[in-house]
Structures are given as C-alpha cells and as structure tokens.
Amino acid sequence: MNNASAPEIKKERVISPIWLLPILAIVLGAWLLFKAWSEAGVKIDIVFESAKGITAGQTQLFYQGLDIGVVKSVALAPKLEGVIVKAEVKREAEQLLKADSQFWLVTPKASITEISGLDALVSGNYIELNPGTGKYDDSFVALSEPPNIIRGKGLNVRLSADDLGSLNIGSAIYFKKIKVGEVQRYQLTDEHKVEFDIQIRPQFAHLVKIDTRFWNVSGFEADISLDGMQISSESLASVISGGVSFDSPLQSAIATKGQSFTLYDNLKDSHRGKAIQISMQQQNGLVAGRSKLIYRGANIGFVSEIINNGSHDQFTAKALVEPKYEDLFNSSTQLVLIKPEISLNGVKNIGALVGAKQIEVIADQGELATQFELSLAPKPPQGSKAFTLTTDNVKGVSSGSPIVYNGLTIGKVLALTLKNRSFELSTYIAPEFASLLTINSRFYNQSPLAVEADLNGITVESSGLSGFIQSPIILLPGQSKKSSTSKTFRLHHNKQAALLSKEKALAPLKLTLKTDYLGSLAEGAPVLYRRVPVGKVDSYQLLKDGEIEVELEIYGNYRYLVADNTRFWHASGLEIKASLEGLSVNSESLKSLVLGGISFDQFDELAKETQRTIYKSKQLATKRHLNIALSTQDSHGIYNNMPIKYQGQQIGKVTQLGFSEDLSTLTASAELDFPYYRNFARSGSLYWQESASISLSEVKNLDTLVKGDFINALPGKGKPLQTFKLLKEVPNTDKGSLHVWLSSSHFGSLKIGSPVLYKQYKVGTVDKAKLELDGSKILARLNIDSSYRHLVRANSVFWNASGVDVKLGLGGADIRLDSMETLLTGGIAFATPETTPLAESANDNDKYQLQSTYDEKWLQWSPSIQP
Amino acid sequence: MYTSAKQMGLKLCRHCKLSMSEEQTHCQRCHMRVHTRAPNSLQKCWAFVIAATVGLFPANLMPITVLSTRGAPQYETIMSGVISLIKDDMVGIAIVVFVASIVVPVMKLVGLIVIMLSLQFKMNLDNRQRIVIYRIIDIIGKWSMLDLFVLSIMIAVFERNNLVGVEAGPGATAFGAVVLLTLFAAKSFDTRIIWDKQLEQR
Chain A
1 MNNASAPEIK KERVISPIWL LPILAIVLGA WLLFKAWSEA GVKIDIVFES AKGITAGQTQ
61 LFYQGLDIGV VKSVALAPKL EGVIVKAEVK REAEQLLKAD SQFWLVTPKA SITEISGLDA
121 LVSGNYIELN PGTGKYDDSF VALSEPPNII RGKGLNVRLS ADDLGSLNIG SAIYFKKIKV
181 GEVQRYQLTD EHKVEFDIQI RPQFAHLVKI DTRFWNVSGF EADISLDGMQ ISSESLASVI
241 SGGVSFDSPL QSAIATKGQS FTLYDNLKDS HRGKAIQISM QQQNGLVAGR SKLIYRGANI
301 GFVSEIINNG SHDQFTAKAL VEPKYEDLFN SSTQLVLIKP EISLNGVKNI GALVGAKQIE
361 VIADQGELAT QFELSLAPKP PQGSKAFTLT TDNVKGVSSG SPIVYNGLTI GKVLALTLKN
421 RSFELSTYIA PEFASLLTIN SRFYNQSPLA VEADLNGITV ESSGLSGFIQ SPIILLPGQS
481 KKSSTSKTFR LHHNKQAALL SKEKALAPLK LTLKTDYLGS LAEGAPVLYR RVPVGKVDSY
541 QLLKDGEIEV ELEIYGNYRY LVADNTRFWH ASGLEIKASL EGLSVNSESL KSLVLGGISF
601 DQFDELAKET QRTIYKSKQL ATKRHLNIAL STQDSHGIYN NMPIKYQGQQ IGKVTQLGFS
661 EDLSTLTASA ELDFPYYRNF ARSGSLYWQE SASISLSEVK NLDTLVKGDF INALPGKGKP
721 LQTFKLLKEV PNTDKGSLHV WLSSSHFGSL KIGSPVLYKQ YKVGTVDKAK LELDGSKILA
781 RLNIDSSYRH LVRANSVFWN ASGVDVKLGL GGADIRLDSM ETLLTGGIAF ATPETTPLAE
841 SANDNDKYQL QSTYDEKWLQ WSPSIQP
Chain B
868 MYTSAKQMGL KLCRHCKLSM SEEQTHCQRC HMRVHTRAPN SLQKCWAFVI AATVGLFPAN
928 LMPITVLSTR GAPQYETIMS GVISLIKDDM VGIAIVVFVA SIVVPVMKLV GLIVIMLSLQ
988 FKMNLDNRQR IVIYRIIDII GKWSMLDLFV LSIMIAVFER NNLVGVEAGP GATAFGAVVL
1048 LTLFAAKSFD TRIIWDKQLE QR
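The structure is reproduced here in structure tokens:
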C-alpha cells in the first residue's frame, strides 16, 4: 500500500450538456425577434370622412375576406378634412397597396332587399380593399360608398337599357325565378344609355346564350285586358329593388364573356321575333305591346312599338312576329285591322271594342317582306267569292251585315263605299257556299220585321233579332247552275223587287191618282195588290183645288193588274169596325201602317172611272151608291147610319138626317148600295121603320131594342124614283087582301094589329080604326088576307072575341077563350053561315056590324067555301 | 467549529439518506448512484438560469392570450392584462397576477443569480442570507404556474366559437418554459456548496 502512490485527484472540467438549453433559448428568442421584425406590418394612412364605426385595434382590413391588417389608430386630420386612420397591413398584402387602390368601410346593411355585411355585424365593421394597379403608396383616401366593382368568378356580360329603372347594384338576375347573378355595376354611356355589368354565377354561366333576352322584372307586371288579368312579379325582392330576368333558347351557343345584350323593359318587349313594319294613317286603337297579330286565330306576334313618322299623319307600327311564322309575311300578305262585331248571333272580337285592337294576318304566297300597309277594311277569307253589290239605298246595311241564304249566313259585307251617289258594297260569300252565286242570283234587303195582320191573325216574319242590328242581305240563288262570272250585282229593296228583276223587266206603269186625303201616305209607300207590294208611291203634290195628286209606279210585270175596273184605296192605318156584330180590325201591313200605302184590286161590277181616285177605304172604293130621300113625320128611332135592309141583308144606310124648314118632316138621306138600287129606287118600293115589337103572338125585331131600329125595304117595279115615304109600320103588301069596315059602339080591347080570327085561325088583322065623324060609332078596318077573302060573305057575322066568356050554370062552368092573345090585345072573330048557295062574297069597304058577343050557333057554322 | 461529512470521508445517499464512505459509488441500501456533492451543480444552475432569463423576454413581450371577439383579435401580454385589469377596477386581481406572473419569476432568477454570483466571486454574503433567499425561491416558485392554470381553464371555458374565443398566445409557452426552467434551476442548486466554500476559505 506504501508504494501505492496517492491517487492524483484530477479535477475534471466537464461542460454539462445542460448548456444546450440556454443556447436553444437564445436561438429561439433570436428567431422570434427576427420573426416579429419581419412580420411587422406596413403602416398606411387612410383618410376617411368619418371615423364612425372604426375602432383602433379592432377594425380590420380585408381583401376578399382575408384579414390583411388592422386599424392601429384613428386620429383627426390636421385640416379637419376627415379622420386619418392609421392601419397596419400585413407584409404579404403589401402588393395590394397601389396608388389607386380603393378603401371603403363595410358596415352591416340591412334593407328589405339585402342584408349585406352581416359578417360585419358580428366581426365589427371592416375596411375593404380593392387593389389598384399603380405604384406603391401608403396613403389613401377612402371611398364613401362601395365602388362598382366586378370581382369574383362568373360570367360577366353587359346589358344596355334606356334607363336605370329600379335596378341597383346588387339587383338580382333571375333565370326561371332562381337568382343566378346580380348587377355589379352600372354606368351612363355617352349615348345616354345605361349600361349594366352583370355577373352570372359560374354554375349558371352556361344559361346565358348568345341570343339570350334580358328584361326588367322590377315591380309588378300587370296585364289587364279582356283576355283576362295577369299580374306577375319575379320575386318580392325584385318587386322592391328591381331585378333582371332572362331566358335562353336551349340550342344556342353559350354567350361569351363581356358580350353586350339589350335589357328590355319587360317580358313582352323582349320577345324575339322577326320585326315587321306596318304603316297606317291612323293609330287605329293599336297599342304597343297589347295589339296582337292574329293568324287564323293564333297569336303569332304583337305590335311592339308605334311611332309617328314626324309628318303627324303617318304612323308606323313595329311588330314582332314569332320566328316560326316569319314565312307568313310576304309581299302578298294583307294585314287587316280587326274590328269588333256585335250581333245577336254573338259577339266577336269584343276585345277590340274595349281593349287594344288586333291585326289579322291574311297570308298568301309571295316573297318575304317586312313592310306592310294596314288595311282597315277586312279582306274576304281565302277561297271566298268576292263581289260587289250596288244599291241606291243601303237601308241599314253596313259592313258586317250578313249575306243570308235560307236563314243561314253565308257571307258578309266587308265595306261600304259611296260612288256616284250610289253605294257599292264589297261582299263575299264563304267558299263552301260559293256555288250559290249563279248568273241569275238576286240580292235583296230584308227588313228586320215584316208583319202581316189580318183577321186571320197576325203573321210576323222576321229575319231574326240580329236583323234589327245588321240588316241582312238575302240571296236568292237563281235556277241556273251556272256560276256567275259577274262581279257586280244589284241589291234590291225587297224580295218582290228582287223577284221581279228575275223576270224580264217591263217598264213600270206610272199612274196619276187624285185624292182629297193623303192620310199617312209617304213617298216610297208600297202599292199593294192583295197585300203583295207591286209598286210604290213615287211622289205626290197638292193641287190648287185642294186635291192631292199622287204618282204611283206599278212594277213592270204587275202592270196588267191595273185595269178599268181597278180601284185604289188607302191601305194606311188600321180600320177598326166595332159593332154588335163584333169587332173587326183590318190593316194592310205594318209597313203600310207606318209608311202608308195604297191597295188596289179589280172589281168586275165596277165601271171605268173617269179620274182614278184613291178612296179612303175599300168600301168607299167599291161601293156605288144611289142617294134616295126618305121622308117621315115621326123622327123617332131614326138615326145616322141606320141600316136599310131587305130580308135581313143590308142594302143601304141612312147617311144624313135633316128637317124640313117647317120642322114638320124629317128627311133622311140614304144611300142604296150597288146593285140594289136598281130595284129599290123605283116607284112602288116601300120603306118602313122596323121596331121591336113584343106581343103574345110574336116577338119581332128584338135586336132593334139594342141596335136601334132599322129600315126595311121592299123593291118596287115602277119608274126610277128617289123620293120615298118612310112608313112607320109594315105596309100591306098583300094586294089582294080584303078590306072591310066594322062599326061598333065601342072599341073594347081592340087595337091596331089585333087579329081577325076565323075558326080561331088568324086570317087578318085590324089595320085601321077611325071614329065616325058624328062620334056615334067607331069604325075598324079589317085587312083579310087575300087567300082567305072569299071566306067573308055578305052575311058573315063579326064579333068581338076579346076577353073571357064565362058561363056559370047548374051544370057547371063553361069558360071560353078565343086565344090567349085576344084576351090581352083583343080580337075579332067572324063566321059565315051555311046557306045554299052561299051569299055573295064581300067587297072592299063593305060595312059590317061588330057584335059585342056571339051566338052559340055561329060557332056551329062550318060551310065549305070555295074561292 | 464543525467538520463536514465530506471532510470525514462520508457521503450521503440523496435518495434514502444512508451515510456511507467516500469510496462507495453506489448506495449499499438503495443501490442508487451516490455523489458527495451534486455534480456540476453550479454549472447546471447557471445554464437553467440563463435559459430562463432569455425566455423571460418573449414571455412578457409576446401575447399570452389571444381574445377574438368582434373585429381584430386582441392580443394580451401579461403586462397589458394587468393594466386592463387595473383599468377595469380589479386592482386586487391585478396585484395577484402581477406578483405571480412577473414579480415571482423575476425574483427567482434574481435570487439564484445573486446566490451563484456570490459563491462564484467569493462575495461577502452571509450564508444565512443565501439560504433564506434559496428557501423563498423554492417555496414561491411553484405558484408561478397559477397564470397558466387560469389560462388553460379560460381556453376550456371559452371554447373557440364565432363570437368569443380565447387562445393561448406564444407568450404563454414562453412563460411556462420560464417557470419550468426556474424550477429546475432551483432544484439543481446544491445548497451544501455554500458551506463548502466557507470551509475551503478557512
């Protein structure tokens, strides 16, 4: 152990690995230091108008949503022109800081159309940066509003419009009501148009084609017309803030970036189609955007614009036609204004009445054209047969009046023109009825209502209610099957005229008639033959003597109807006869009621007139009268128009009554009808007044109780005579009757007219009674019928048969009564005794004694007496 | 006066406190390696202290929290946090934070540096003062982690959302490192060196 040297203790200088730690710390610290230095932002100054919403240390700077810096301080600008915002922008964003870089403050904006900057609501306002392109700069002036900038991806296209409308930046672009983009920027161009830059989102970019149409959808689109009401809007947002919608044809190529489009005011304007121009003299109620072009009922286009060419009398309507109908518009195409048609058959094109007028397109072959003239008058449909009707008087026919064949409308009047004082109606007949138009077709005007009224009833013929509004024209197809080559036809006034014209026309017969009473006759009034109009009143004039001269025209082929024995009378008005026989209303025709008219007929019994006269009535025309005078002392029961009858038939009437100067006699002027006066205006003719008489034996002329008395007449056989005595009782016309006189102390119940009975059979009457001049007797004249006169013999006895003969006895009672009538009116009975030979037959004016009573044996007499 | 165990050729197992002779390299009882004095204690302590000192700068200059509410995120350093607490009339809490986050770490480092400098350059410093300084450093050192606890709780509570978010900033990492380094520095310092020096001088 001695040798063992003491161990040298060598202090080991060891550097502990722990020293790496501070080195690491230093390295880290140095790196942090470098990092802090290198990341220190770029200091910039931005001058804002106001510091509102900007907070130092909090307000950030963003570029495309990326945080690129923060506001470090906000200070007042030295000259108080605003506030200086000092901001630190990250070094990597340094290249955004160019001289024309734009800064603006983004604040939360909440409006009904957009809530933008909502992020700013949470994150606070921030400053947005739009980099420029100039040199680096570090002091800027902020914009007060977000600039119109296009940023981001998507298809940018340009729209140009006449005005801004209600569009704004941010207004949405809709495609099928889906928002696919928005308006990014707008600006006014030098051409005073507004240009919009819009951006379509990338995923929708393919929807915009090279021929896409954009239109404004701002607000409501209200289309109120007779077709209905349509209110549409794109979306509520677009109603308020405006919007743009577009459509695209599927096949077209996709639009290129930056392509320019026109922004139309509305959907209608945006319609694509071939543009045509229609020139016209008047605007004719066409309305841009409303007036449609109609082809066979289909809507193929519309009037997009109506412009005045500056001369104020020429308008040009621009119309857009759907592309597929382009070929309809060629050099021979006609454009016709559609007018409303209102008829009772229906209402057509009523839209044209109130709303915008429409234009009908009538296409034909030809070269394509774009310039057209608007025709006001409609053209006949294709294939129809057009022709012209001429007339002097249209009588309510107007354009649109139908052409009717057997009640079926087969054509129409298109237009009416006046040419040389006569009218020309251009008309057509529908193709399917064209065969009805033959060489001898005739046309006439149908009056809307033809009324024929007579006692058989009233016949009303009407062409239908529509006839009142549009007078129809009736076609009478001729017998011929040959279709007409003529283009002109005559329109006749009525069916008769039309029918007449079918015959070989004769020259009309002109007649001059006189009348003292014009009635309601007017020029043009019909002349009727048995209610068929065969002529008309041409003219009339008042003559100096107060008469009226009427010129008639009888149509040629009816001239044979006027002969010597023809009589004319007024057919005007109604003739009403009211009597106990009934009520009779007579009128010729309603037309003659209004217009007046003349009827005529032939009467065989009448002779030629020296001067043709228009009578007031048919009766006056046909009756030839003979005036007679009837005089009587007893005017009771005599009245005007008192009929004169023969065997119940009227043969005349009292026309006038007048007293003689001394009032003793009444003279009744009466007229006897033709031909009765031949027999009754002769000597021997008898006239007596018939009154009602009621007796037990007969009831006579009861009707006179109501109707008044009448005059009975018996023909005479003597010379013509015109003055007669009017008898008060039935004259004895039995020439062979026997007149005998009875004298009696009293008249008893006898009366004039009391019967004379033979074997209780009436053989005569008491026809006269008179008092003996000395008053001692009363004389009654018996009138025994001629057939029984031989029964009265010289020895005949007469007794008074009036009253009841009552005999009372023990055997009983015997009551005898000649007749019930004699009980009341009294009567005379007679008997002739049976002597052989018989006594002589009585002579006229023999006198007999009237016994007051009879002898029983008289009743037993029953001789056979031969006449 | 007294003789140290080292002078008597003895050394102590730091793990089971068994005394043994100098020759023993391993503890007879716990078989752990045994040193007379902790090896390179001063050197290690210096390294930790220097690293902690370096870390002190980012810990205080860099934001310890990032508060994102509206607008730009708010970066708070420890000191700015203390200031805003004072502004918000929370002086008590401000003091706690200030002491725990700024005063304590700085004091720890200053204390250690003073002890080690006095040993290294044989400055006249009372051994008792040295050991008192050390004891204080050892006791308060762990409280410096308070800040980080609070921060971690805040992060957990204000889970990052769109309205309010709290994140730990780089300063928090640095601060945590500073606290750990000071702890290690204090731990690696073998207090017996203080008296060894005195014995050598004698």
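In order, the protein sequence lines correspond to chains A and B.
Each step along the first sequence adds one to the number in my numbering, with nothing skipped, and position 221 is 221.
My numbering runs 867 ahead of the 1-based position in the second sequence.
Every residue, glycine too, gets a C-beta built ideally from N, C-alpha and C.
- A/PHE372 is bridged by DSSP to A/ILE278.
- Within a 10 Å sphere around the beta-carbon of B/GLU943 sit 16 or more other beta-carbons, which makes this residue buried.
- In summary, the residues of the region 902-928 of chain B whose CB is separated from some CB of chain A by less than 7 angstroms are ASN907, GLN910, LYS911, ALA914, PHE915, ILE917, ALA918, VAL921, GLY922, PHE924, PRO925, in the order they occur in the chain.
- Contact between B/MET946 and B/ASN927 is confirmed by a C-beta separation of about 6 angstroms, below the 8 angstroms threshold.
- Contact between the region 767-782 of chain A and the region 733-753 of chain A is present, with at least three C-beta pairs closer than 8 angstroms.
- Annotation note: the region 705-789 of chain A contains no uninterrupted alpha helix (DSSP H) run of length 4 or greater.
- Going by DSSP, B/LEU1050 is part of no beta strand (DSSP E) but of the alpha helix (DSSP H) stretching over 1037-1055.
- Scanning A/ASN627, A/ALA522, A/ASN156 for the CA closest to the CA of A/PRO675 turns up A/ASN627.
- The C-beta of B/CYS880 has 16 or more other C-beta atoms within 10 Å across all chains shown, which makes the residue buried.
- Under the DSSP definition of a beta bridge, A/THR262 partners with A/SER160.
- In terms of beta-carbon proximity, A/VAL14 lines the interface with chain B, with at least one pair separated by less than 9 angstroms.
- Apart from sequence neighbours up to five positions away, the residues of its chain that approach A/TRP215 with a beta-carbon distance below 8 angstroms are VAL244, SER245, PHE246, LEU263, TYR264, ASP265, ASN266, LEU267, ASP269, SER270, ordered along the chain.
- In this model, A/GLY29 and B/ALA918 are separated by some 10 angstroms (Cα to Cα).
- Going by DSSP, A/ALA629 is part of the beta strand (DSSP E) stretching over 625-632.
- For A/ASN299, the pairing in a beta bridge is given by DSSP as A/ILE294.
- According to DSSP, A/TYR687 shares a beta bridge with A/ALA713, A/LEU726.
- Here A/HIS570 is buried, its C-beta having at least 16 other C-beta atoms within 10 Å.
- Interface annotation, A/ILE26: in contact with chain B, CB-CB separation under 9 angstroms.
- Contact check between the region 84-91 of chain A and the region 39-48 of chain A: three or more CB pairs, one atom from each, fall below 8 angstroms, which counts as touching.
- Taking the C-beta atoms as reference points, A/THR632 is found nearer than 9 angstroms to A/LEU726.
- The contact set of A/PRO22 on chain B, defined by CB atoms closer than 7 angstroms, consists of ALA914, ILE917, ALA918, VAL921 in chain order.
- The alpha-carbon separation between A/SER422 and A/ARG567 amounts to approximately 35 angstroms.
- Rounded to the nearest angstrom, the Cβ distance from B/LEU986 to B/LEU909 is 7 angstroms, consistent with a contact under 8 angstroms.
- By the rule that beta-carbons nearer than 9 angstroms mark a contact, B/PRO972 does not touch chain A.
- DSSP links A/TRP215 through a beta bridge to A/SER245, A/TYR264.
- Going by DSSP, B/ASN991 is part of no alpha helix (DSSP H) at all; its letter is neither H nor E.
- Collapsing the DSSP output to three states places B/GLN895 in coil.
- If you draw a 10 Å sphere on the C-beta of A/GLN60, you find 16 or more other C-beta atoms in it, and that means buried.
- Here DSSP, grouped into helix, strand and coil, assigns A/ALA670 to strand.
- Ranked by how close their Cα comes to the Cα of B/ASN994, the residues B/HIS882, B/ILE1004, B/ILE982 have B/ILE982 in first place.
- Where B/LEU984 is concerned, there is no enclosing beta strand (DSSP E), although the alpha helix (DSSP H) around it starts and stops at 971-987.
- A/GLU424 is bridged by DSSP to A/THR390, A/THR417.
- By the neighbour-count criterion, in which 16 or more other beta carbons inside 10 Å mark a residue as buried, A/ASN494 falls on the buried side.
- A Cβ-Cβ distance of about 6 angstroms is found for the pair A/LEU337 and A/LYS357, placing them in contact under the 8 angstroms criterion.
- Annotation: the continuous beta strand (DSSP E) that includes B/THR932 extends over 932-935.
- In the structure shown, A/GLN95 falls within a helical segment according to DSSP collapsed to helix, strand and coil.
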